[in-house]
Amino acid sequence: MANPDLVPIVQMTVELDGFLMRLPVSSTLFQKHPEALGRVIVKEWQDAKARADAALIELRPEVLAFARLMEQQLRANDHKPGWKHDSADALIDRLNQELDELADAVDEWPQSRILNGTERVGKEAADVANFAMMLADICGALA
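In terms of numbering that gives the first Met the number 0, the sequence shown is residues 0 to 142.
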């Protein structure tokens with residue numbers, strides 16, 4: 000004899016605005032009240048989106064601005080094949096080259112502030128960070 004206190008729970012995967020959610024739902028509830036499913040999905044989606052938005056809000060303004068610089072530099076190089084098949088040694092070599100370029104940009108910065116020296120420092124710093132990110136990626140540290 001089945002225990003009437005046990006409610007069958009099923010996992011439901013829902014996609015809403017490109018956002019995937021796994022919801023544990025009571026099959027009994029939705030058999031009796033199918034209109035409740037939409038409300039549950041919308042509420043879960045709103046809660047998940049709020050959690051994702053809160054995580055973004057916690058980024059410091061400098062980190063967000065720097066991440067944008069990194070993305071700009073990556074997009075400027077989209078014509079290149081990417082880093083997924085590069086070796087760690089090759090990326091370290093490129094990182095060191097970019098670090099030298101950053102050091103040069105910083106050395107020249109006081110004299111070249113009027114001539115885009117600040118912009119160059121930002122781009123070179125983003126390049127250094129991008130190569131560090133690429134290393135972390137191929138080593139599995141971003142998974």
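Just so it is clear, CB atoms sit at the ideal spot from N, CA and C, and this is done for glycine as well.
Span of the alpha helix (DSSP H) holding residue i?
i	result
residue 139	Counting along the chain, residue 139 falls outside any alpha helix (DSSP H), and DSSP gives it neither H nor E.
residue 68	60 to 75
residue 95	87 to 111
Is the distance from the Cβ of residue i to the Cβ of residue j below 9 Å?
i	j	result
residue 136	residue 72	no
residue 100	residue 118	no
residue 133	residue 98	no
residue 128	residue 69	yes
Give me, in chain order, the residues of the same chain whose beta-carbon lies closer than 7 Å to that of residue i; leave out the 5 immediate sequence neighbours on both sides.
i	result
residue 88	none
residue 148	The structure shown does not extend to residue 148, since the chain spans only 0 to 142, so no value can be given for it.
residue 93	130
Skipping 5 residues on each side, what residues in its chain have a beta carbon closer than 8 Å to that of residue i?
i	result
residue 61	none
residue 66	58
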